[in-house]
Ligand SMILES: Nc1ncnc2c1ncn2[C@@H]1O[C@H](COP(=O)(O)OP(=O)(O)OP(=O)(O)O)[C@@H](O)[C@H]1O
Ligand code: SF4
Ligand SMILES: [Mg+2]
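Protein chains in written order, with the working numbering: chain A, 1 to 338; chain B, 1 to 313.
Dropping the structure here:
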């Protein structure tokens, strides 16, 4: 997908690092992908693989005391974000690129009304008076299907349920018609029925507004239902990228295959104790990110690994239309062993 | 909200009743017979008995208590043993300097300490933060009277910018009034300021790490709005609490400051009354100071409800 002219956001060879007591953590270690206008891109991977750090890097919200973008380029609408001034960056955040977070219970300010929190975004970026901004906030609450929006404007977050708070976050994020919405596990903290409603809502709003969505999740089920294209991350690197149908039809990276075996099967009966058969977890541990990884990051856990995997980093190879994978042993994986 | 305020107001009544009870028994059980003190050193037993009868101290305790409470409710705190003036009059004469000193100290300390604490938290672990917090540790450790004498030495004696001591009532003009308050306010306020600055920094640091601050930054809001609205309002409850506790500290600090700067306020009155065992005056002062603290607590409690919508009322 590189060099895609329609791409609104291009991430190239992104490296984001943190200084910690244990040394430098390479949270994101050379990730590249494009986001086309109006598309839904999924980013999946296990906990700690660098999904949130990638998102925060795009908005340049990495805490400067400990972290930094060490290398790489992020272009948004032709503009290089890594070189932009902090002031210009603030003008983009919440306006042309918005973000919603995993924790609806804590992501809204508890001492400000919902109306204030949405309207301030509109005042900040569209320069309209408060009154008009409050009207806009009211419209947005209506759009995310919150009943009785005018009354809700004057309520505080603690008066709303988790699902409603996430709707408010969505209303806030979309209030200035952004070109890109980054949703970092927006439904993980919600229960299953609410999850489905919120995802459905995001997709509908995307159709209406043409906002591209980057949906970060560790749930392949969510990816299958909502996204068009998928980036699979492992230990700070992109290991596979493909259109969603292609990925599910033929996952090519051993790690992606492992993830798919770990999807909970709702169709399998729960046993007498009420527990379903344990998910087939990928054996082994994620490598420590404080040491540079030689060879393939997945080698220690990979059933296909050879000597070469441990010493030389696998190249990214094309494996079909829009399908790329970073693995030395694609052919053997295709053949189905081990 | 009104119901909440009224309820809080009524809740102060038992506290004041306990204070009154304590004050009443203070006189009755204090060492030294007040009648003997009043009657003078070489008074006869009859003279002392006469004084005791005059003060009603020979009546049964319960009766004394009711009479005393009734008088108190009518605003009668009794008569000074030494000056024979009504205690209420003595106190009201000395009220202005103390109120002026406390309020100006409060104002200066809060107006400086909160911005200092906010900046320190914002620039945490940078040079400015270290400087400010170094000052705060120093300010907190510095005894009021030492600082007072240092200030007097430089600003009044060496550079002659401000009066050495004394107090000018506000009726003598705003500048002389303000001038007489600057050094005492600074001397009294530094400890207090250090305390508020430190709690502001700590509270802000905790709030700045919260998810909703990340949300505010992800909206591209201006730094001052993030700090002063999104963060400070959340950090306010502990800060306001410490300001309230600090007022109690201020009231004890006033005694020293008024003595050093020779300000004729309640602090000086307290020192004199205690030294002379002028029990009715001591009683009156305890009631006034306790009342002031109860009032401060009330204001703080009510302010919580304004600052944090989650507080039930
Ligand atoms: N501020 C930080 N300081 C130090 N290390 C950090 C910091 N933020 C993230 N990391 C490290 O970077 C790595 C990637 O973290 P990230 O939050 O991006 O993971 P994630 O893929 O979003 O995981 P999850 O699914 O749990 O949200 C982790 O090893 C994490 O410990
Ligand atoms: S490169 Fe080697 S170790 Fe890495 S995923 Fe492919 S086969 Fe496994
Ligand atoms: Mg994350």
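Just so you know, even glycine gets a beta-carbon here, dropped at the ideal spot from N, CA and C.
When you compare the CB positions of residue i and residue j, do they come within less than 8 Å of one another, or not?
i, j, result
"residue 72 of chain A", "residue 9 of chain A", "no"
"residue 211 of chain A", "residue 181 of chain A", "yes"
"residue 121 of chain B", "residue 7 of chain B", "no"
"residue 324 of chain A", "residue 316 of chain A", "yes"
"residue 266 of chain B", "residue 98 of chain B", "yes"
"residue 100 of chain A", "residue 183 of chain A", "yes"
"residue 45 of chain A", "residue 233 of chain A", "yes"
"residue 30 of chain A", "residue 301 of chain A", "no"
"residue 55 of chain A", "residue 36 of chain A", "no"
"residue 253 of chain B", "residue 296 of chain B", "no"
"residue 111 of chain A", "residue 60 of chain B", "no"
"residue 305 of chain B", "residue 4 of chain B", "yes"
"residue 314 of chain A", "residue 326 of chain A", "yes"
"residue 102 of chain B", "residue 144 of chain B", "no"
What residue does the beta strand (DSSP E) around residue i start on, and which one ends it?
i, result
"residue 71 of chain A", "67-76"
"residue 214 of chain B", "First-last for residue 214 of chain B: 211-218, but that is the alpha helix (DSSP H), not the beta strand (DSSP E)."
"residue 99 of chain A", "97-100"
"residue 41 of chain A", "40-44"
"residue 202 of chain B", "No beta strand (DSSP E) contains residue 202 of chain B, which is instead part of the alpha helix (DSSP H) from 174-208."
Secondary structure at residue i, three-state DSSP: helix, strand or coil?
i, result
"residue 234 of chain A", "strand"
"residue 335 of chain A", "helix"
"residue 274 of chain A", "The pLDDT assigned to residue 274 of chain A is 45, lower than 50, so where the model puts this residue is not dependable; a value taken from the coordinates is nonetheless given after this. Coil at residue 274 of chain A, not helix or strand."
"residue 324 of chain A", "strand"
"residue 29 of chain A", "strand"
"residue 10 of chain A", "strand"
"residue 210 of chain A", "coil"
"residue 15 of chain B", "helix"
"residue 188 of chain A", "coil"
"residue 93 of chain A", "strand"
"residue 34 of chain A", "strand"
"residue 17 of chain A", "strand"
"residue 123 of chain A", "helix"
"residue 310 of chain B", "coil"
"residue 145 of chain A", "coil"
"residue 34 of chain B", "helix"
"residue 221 of chain A", "helix"
"residue 216 of chain A", "strand"
"residue 104 of chain A", "coil"
"residue 267 of chain A", "Caution applies to residue 267 of chain A, whose pLDDT of 49 falls short of 50 and renders its modelled position unreliable; the model cannot decide the point."
"residue 307 of chain A", "helix"
"residue 3 of chain B", "helix"
Along the alpha helix (DSSP H) that carries residue i, what are the first and last residues, could you check?
i, result
"residue 183 of chain A", "From DSSP, residue 183 of chain A is part of no alpha helix (DSSP H) but of the beta strand (DSSP E) over 180-184."
"residue 318 of chain A", "Residue 318 of chain A -> not in any alpha helix (DSSP H); beta strand (DSSP E) instead, spanning 316-318."
"residue 280 of chain B", "279-307"
"residue 93 of chain B", "87-122"
"residue 330 of chain B", "In the structure as shown, chain B begins at 1 and stops at 313. Residue 330 of chain B is therefore absent and cannot be evaluated."
"residue 168 of chain B", "Unbroken run through residue 168 of chain B: none, as it is neither H nor E."
"residue 234 of chain B", "232-260"
"residue 55 of chain B", "45-55"
"residue 138 of chain B", "127-141"
"residue 70 of chain B", "61-73"
"residue 80 of chain B", "Premise fails: residue 80 of chain B is in no alpha helix (DSSP H) and is neither H nor E."
"residue 291 of chain A", "Taken as a continuous stretch (DSSP letters only), residue 291 of chain A belongs to no alpha helix (DSSP H), as it is neither H nor E."
"residue 171 of chain A", "162-174"
"residue 301 of chain A", "Taken as a continuous stretch (DSSP letters only), residue 301 of chain A belongs to no alpha helix (DSSP H), as it is neither H nor E."
**Asked** the region 91-107 of chain A: which residues have C-beta closer than 8 Å to a C-beta of chain B, in chain order?
**Response** 91, 92, 93, 94, 95, 98, 99, 101, 103, 106 and 107
Original post:
Within the chosen definition, does the region 94-111 of chain A reach the region 167-177 of chain A through at least 3 CB pairs nearer than 8 Å?
Top reply: yes
* To do: Select from the region 212-230 of chain A all residues with a C-beta closer than 9 Å to any C-beta belonging to chain B, and list them in chain order.
  => none
Check: Going along the chain, which residues of the region 211-229 of chain B sit with their C-beta nearer than 9 Å to a C-beta in chain A?
Finding: 211, 212, 213, 214, 215, 216, 217, 218, 219, 220, 221, 222, 223, 225 and 229
Query - Residues of the region 297-310 of chain B with Cβ closer than 9 Å to any Cβ of chain A, in chain order - result: 307, 308, 309 and 310
* To do: Return the residues of the region 71-105 of chain B that lie within a Cβ-Cβ distance of less than 9 Å from chain A, sorted by chain order.
  => none
TODO: With 9 Å as the limit, tell me which residues of the region 234-250 of chain B have their beta carbon closer than that to any beta carbon of chain A; keep them in chain order.
DONE: 234 and 236
Practice problem: Can you give me, in chain order, the residues of the region 41-66 of chain A that have a beta carbon less than 8 Å from any beta carbon in chain B? | Solution: 59, 61 and 65
Quiz item: Do three or more CB pairs link the region 160-180 of chain B to the region 71-78 of chain B at distances below 8 Å?
Solution: no
Taking 8 Å as the threshold, find out whether the region 150-157 of chain B comes into contact with the region 62-74 of chain B through three or more Cβ pairs.
-> no
For this session: Say whether the region 280-287 of chain B touches the region 12-28 of chain B, bearing in mind that this needs 3 or more beta-carbon pairs closer than 8 Å, one atom from each stretch.
Result: yes
(Q) Can you pull out the residues from the region 142-171 of chain A whose beta carbon lies closer than 7 Å to at least one beta carbon of chain B? (A) 156 and 158
**Asked** Counting pairs of Cβ atoms below 8 Å between the region 66-81 of chain A and the region 15-26 of chain A, do you hit three or more?
**Response** yes
| Does the region 258-277 of chain B come close enough to the region 155-168 of chain A that 3 or more CB-CB pairs lie under 8 Å? | no
**Request:** Report yes or no: do the region 215-225 of chain B and the region 115-129 of chain A share at least 3 C-beta pairs separated by less than 8 Å?
**Result:** yes
Does the structure place the region 196-210 of chain B close enough to the region 232-248 of chain B that three or more beta carbon pairs sit under 8 Å? yes
Is it a yes or a no for the region 245-265 of chain A touching the region 291-305 of chain A, going by three-plus beta-carbon pairs under 8 Å? yes
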